[in-house]
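Down below is the structure, laid out as structure tokens.
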Amino acid sequence: MNEPLEAPAPSARYALILAAGKGTRMKSQSAKVLHKLCGRPLLAHVLSRLSDLHIDRTFVVVGHEAQAVREAFQDYGIEFVEQQEQQGTGHAVMTAKPKLSSLSGSLLVLYGDTPLITAETLGRLLETREATGAAQVLLTAEYAKPFGYGRIIRNSQGEAIDIIEEKDATPDQKMIREVNVGLNCFDVQELLTGLGGLSPENKAGEYYLTDMVRLLHQAGKRVIALSTPHPEETYGINTREELAQMETRLRAAIARHWMLEGVTILNPSTVFIDETVKIGADTVIYPGVLIEGNTEIGPGCTVYSQCHLKDSVLEAGAVIDHCSVVRKSRIGSGAKVGPFAHLRENCVIGGGARIGNFVEVKKSRLGDGSKAAHLAYVGDAEIGRNVNIGAGTITCNYDGVRKNKTIIEDDVFIGSDSQLIAPVTIHKGAYVAAGSSITEDVPEFSLGIARGRQVNKPGWAHEKAKEKELAKKG
Ligand code: UD1
Ligand code: CA
């Protein structure tokens, strides 16, 4: 129904990613391709490699936890094919036949669990096929430990003529160290014709995509096996241990990248930076920092130990002091946050502003140069410039039913230990006396004071002492 009406150009490029398998060895409820590597699902890594290759359409075969995979990738502009029963990699491709039958050109067939593959390598597969018109170009690698992988069988002229899976290999074949890494580029129509010849007559009882090499070769078609000089980028993930090893490897590469871009990272092996993060030069990152999601850190910032930043922006020269958490927020240039501060979500902290220890801020704006330096809760508040929020101030934003707004205009001074019972507005230049429970708006340049008046009782302590004495005597 959604197929384009006009026939695609012969040089068209398509990609098919196989991601229906259960990933049995992960021992997980969730699909293997949804497991995260450096903050992004495995499948997202593979998809991002395709973005520079001018791929016309990308198809993903889903099966195990199909709905969850579809939901996670609904915004990626990919087309899903559902493989109800996982009867092998060849069967997965057969499932996509209705989507592929009207296409001509090159089809990359990839596995969703090889996240380190580079665009250069995939580009090489595509370009080789386009230049030679081969029916299939596959990537091979020499592994020191080839156990578990399909072995490449070459004839006396060095042509790849078959792939034998571990389960089906003879002891001699098991000695072969050149393996199938699972990355292929096919002529779409040659693939579709060849699929008809697959049969599940093997130890696993599955339709193997790997049999295509033999079928195409027997049919007199051209098959090219390219050996990669970078075997490490072809590693697949089958277990959580492999996932952790790859995480370490990729994290180190990300830290190295930012150090080369001029970022000081004091102890890179303890710092976790997602691939999606950006960091400006001369920023300094202390040990034990976690920076996630779409975080952008400007130049000359400092992030001290044990901070957690997620989906946030730090403008130039901002300082995040020890043990602070900043999520979905924006910190203005030269602002200082922490130690022990918590910016929960949707906070915009102005330039040169200050959020101090044990201050929690949620969905609030704090203008340039404003301060909440100690022990405060600021929620659903609009705060102007040069405002001083005293220690212990609380915006009482929740009345048990709805969240209400506190508005504090420019140059206001809120005395310590005040409660601002929202909705309420403190107008420009006003003062709130310490210890006030403010329930009504304070007009501009006025003092709002809302607390019991103090009464001093002279000699009261002496009376108390007499009372104690009497009580002791009984
Ligand atoms: C496969 C190759 C093997 C190669 C290895 C490289 C075959 C028969 N074997 O073996 O030659 O050395 O990859 O890593 O292809 N999948 C489906 N539907 C299925 C089965 C699998 O979508 O019915 C998907 C999986 O989700 C996975 C990919 O295909 O992303 C590979 O499947 P997997 O079972 O991991 O194949 P291997 O045994 O590793
Ligand atoms: Ca695998």
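Going left to right, the sequence shown walks through residues 594 to 1067 as our numbering numbers them.
The C-beta atom is built at its ideal place from N, Cα and C for all residues, glycine as well.
For this session: Count the CB pairs spanning the region 641-658 and the region 856-867 that are closer than 8 Å, and state whether there are at least three.
Result: no
Exercise. According to the Cβ coordinates, are Leu718 and Leu819 closer than 8 Å?
Worked result: For the purposes of this step, residue 718 is taken as residue 125 along the sequence shown, with counting starting at 1. For the purposes of this step, residue 819 is taken as residue 226 along the sequence shown, with counting starting at 1. Contact flag set, yes.
Problem set entry | Gly910 and Gly931 closer than 8 Å at C-beta | Walking along the sequence shown from the start, residue 910 turns up at place 317. Walking along the sequence shown from the start, residue 931 turns up at place 338. For Gly910 and Gly931, no; Cβs fall outside 8 Å.
For this session: Work out the CA separation of Ile817 and Gly751 for me, nearest whole Å.
Result: For this step, residue 751 is matched to residue 158 along the sequence shown. For this step, residue 817 is matched to residue 224 along the sequence shown. Rounded to whole angstroms, Gly751 to Ile817 spans 10 Å at the Cα level.
Problem set entry | Gly1008 versus Gly983 - alpha carbon distance | Within the sequence shown, residue 1008 is the residue found at index 415, counting from 1. Within the sequence shown, residue 983 is the residue found at index 390, counting from 1. If you take the alpha carbons of Gly1008 and Gly983, they lie about 5 Å apart.
Exercise. So what's Leu902 in DSSP terms, helix, strand or just coil?
Worked result: Translated into positions along the sequence shown, residue 902 becomes position 309. Residue state, collapsed to three classes: strand.
Exercise. Comparing alpha-carbon positions, which option in Leu627, Ala845, Val1048 lies nearest Ile830?
Worked result: Here residue 830 corresponds to residue number 237 of the sequence shown, with the count starting at 1. Ranking the options by Cα distance to Ile830, first place goes to Leu627.
Exercise. Which residues in the same chain have their Cβ closer than 8 Å to the Cβ of Lys998, if we skip the five residues on either side of it in sequence?
Worked result: If you number the sequence shown from 1, residue 998 lands on position 405. Excluding sequence neighbours, Lys998 sits near Asp973, Ala974, Glu975, Asn990, Ala1015, Pro1016.
For this session: Thinking Ser699 and Asp780 are a contact (beta carbons under 8 Å), I'd like their distance in whole angstroms, please.
Result: As a position in the sequence shown, residue 699 is number 106, starting the count at 1. As a position in the sequence shown, residue 780 is number 187, starting the count at 1. Confirmed, Cβ separation roughly 7 Å.
Exercise. With respect to the beta strand (DSSP E) encompassing His967, which residues constitute its N-terminal and C-terminal limits?
Worked result: Position 374 of the sequence shown holds residue 967. Taken as a continuous stretch (DSSP letters only), the beta strand (DSSP E) holding His967 covers 964-972.
Problem set entry | Limits of the unbroken beta strand (DSSP E) element including Arg744 | Along the sequence shown, read from residue 1 onward, the residue named residue 744 stands at position 151. Looking at the DSSP string, the run of the beta strand (DSSP E) that includes Arg744 is 744-747.
For this session: Could you pull out every unbroken alpha helix (DSSP H) segment of at least 4 residues lying fully inside the region 927-969, listed in chain order?
Result: none
Exercise. Can you tell which of Gly670, Asp755, Val906 has its C-alpha closest to the C-alpha of Gly886?
Worked result: Reading the sequence shown from its first residue, position 293 is the one you call residue 886. The shortest Cα separation from Gly886 among Gly670, Asp755, Val906 belongs to Val906.
For this session: Could you tell me the distance, in whole angstroms, from the CA atom of Glu771 to the CA atom of Met839?
Result: On the sequence shown, position 178 is the one that residue 771 refers to. On the sequence shown, position 246 is the one that residue 839 refers to. Distance between the alpha carbons of Glu771 and Met839 is about 22 Å.
Problem set entry | For Ala753, the three-state DSSP class (helix, strand or coil) | By 1-based counting over the sequence shown, the position of residue 753 is 160. It is a strand residue.
Problem set entry | Near ligand 1: His684 beta-carbon under 7 Å from a heavy atom | Here the question's residue 684 lines up with position 91 in the sequence shown. The answer is yes for His684.
Exercise. Which of the three DSSP states, helix, strand or coil, is assigned to Thr733?
Worked result: Translated into the one-based positions of the sequence shown, residue 733 becomes position 140. Correct three-state label for Thr733: strand.
Exercise. Comparing the CB of Val772 with every heavy atom of ligand 1, is any distance shorter than 7 Å?
Worked result: Position 179 of the sequence shown, counted from the first residue, corresponds to residue 772. Correct: Val772 has its Cβ closer than 7 Å to ligand 1.
For this session: Can you say whether Met594 is buried or exposed, counting buried as having 16 or more other CB atoms within 10 angstroms of its CB?
Result: Counting from 1 along the sequence shown, the entry for residue 594 is found at position 1. Because Met594 carries a pLDDT of 47, less than 50, the predicted location of this residue cannot be relied on, and no value is offered for it.
Exercise. Roughly how far, in whole angstroms, is the beta-carbon of Gly743 from the beta-carbon of Thr832, given that I think they are within contact range, below 8 Å?
Worked result: The residue labelled residue 743 in the question sits at position 150 within the sequence shown. The residue labelled residue 832 in the question sits at position 239 within the sequence shown. Wrong, their Cβ atoms sit about 19 Å apart, outside the cutoff.
Problem set entry | Any non-hydrogen atom of ligand 2 closer than 7 Å to Tyr704 Cβ | To locate residue 704, count along the sequence shown from 1; it is residue 111. It does: the Cβ of Tyr704 is within 7 Å (strictly closer) of some heavy atom of ligand 2.
For this session: Give the straight-line distance between the Cα atoms of Lys796 and Thr688, rounded to the nearest whole angstrom.
Result: Residue 796 sits at position 203 when you count from the first residue of the sequence shown. Residue 688 sits at position 95 when you count from the first residue of the sequence shown. Taking the straight line joining both Cα atoms gives about 22 Å.
For this session: Under the assumption that Val882 contacts Val896 (Cβ atoms under 8 Å), give the Cβ distance between them as a whole number of angstroms.
Result: By 1-based counting over the sequence shown, the position of residue 882 is 289. By 1-based counting over the sequence shown, the position of residue 896 is 303. The Cβ separation is near 5 Å, so the contact holds.
Exercise. Using a Cβ-Cβ cut-off of 7 Å (strictly less than) and excluding sequence neighbours within five positions of Glu826, which residues of its own chain qualify?
Worked result: Numbered from 1 along the sequence shown, position 233 holds the residue referred to as residue 826. Same-chain partners within the cutoff: Leu709, Ile710, Thr711, Thr714.
Problem set entry | the region 729-746 contacting the region 657-669, beta-carbon criterion three pairs below 8 Å | no
Problem set entry | Where the beta strand (DSSP E) through Gly681 begins and ends | Taking the sequence shown and counting its residues from 1, the one referred to as residue 681 is at position 88. That residue, Gly681, is in no beta strand (DSSP E); it is neither H nor E in DSSP.
For this session: Taking only the alpha-carbon atoms, compute the straight-line gap between Met768 and Leu611 and give it to the nearest angstrom.
Result: Within the sequence shown, residue 768 is the residue found at index 175, counting from 1. Within the sequence shown, residue 611 is the residue found at index 18, counting from 1. Computed Cα separation, rounded: 28 Å.
Exercise. Hey, quick one: how far does the beta strand (DSSP E) through Gly716 stretch, first residue to last?
Worked result: On the sequence shown, residue 716 is found 123 positions in, with the first residue counted as 1. Where Gly716 is concerned, there is no enclosing beta strand (DSSP E), although the alpha helix (DSSP H) it sits in stretches over 712-725.
For this session: Tell me the start and end of each unbroken beta strand (DSSP E) in the region 835-892 that is at least 3 residues and wholly inside, in chain order.
Result: 883-885
Problem set entry | Cβ-heavy atom distance, Val730 to ligand 1, below 7 Å | To locate residue 730, count along the sequence shown from 1; it is residue 137. Checking every heavy atom of ligand 1 against the Cβ of Val730, none is found closer than 7 Å.
Exercise. CB Val702 to CB Leu609, shorter than 8 Å?
Worked result: By one-based count along the sequence shown, residue 702 stands at place 109. By one-based count along the sequence shown, residue 609 stands at place 16. In this structure, Leu609 lies closer than 8 Å to Val702 by Cβ.
Problem set entry | Member of Leu1040, Asp867, Gly873 whose CA lies at the smallest distance from the CA of Leu853 | Along the sequence shown, one-based indexing puts residue 853 at 260. Residue Gly873 is the option with its Cα nearest to Leu853.
Problem set entry | In DSSP terms, what Phe673 is bridged to | Along the sequence shown, read from residue 1 onward, the residue named residue 673 stands at position 80. Answer is Val653.
Exercise. Just how far apart, CA to CA, sit Gln766 and Ile757?
Worked result: Counting from one through the sequence shown, the residue named residue 766 turns up at place 173. Counting from one through the sequence shown, the residue named residue 757 turns up at place 164. Using only the alpha carbons, I get a separation of about 8 Å.
For this session: Put Pro691 into one of helix, strand or coil per three-state DSSP.
Result: Along the sequence shown, read from residue 1 onward, the residue named residue 691 stands at position 98. Note: Pro691 maps to helix in three-state DSSP.
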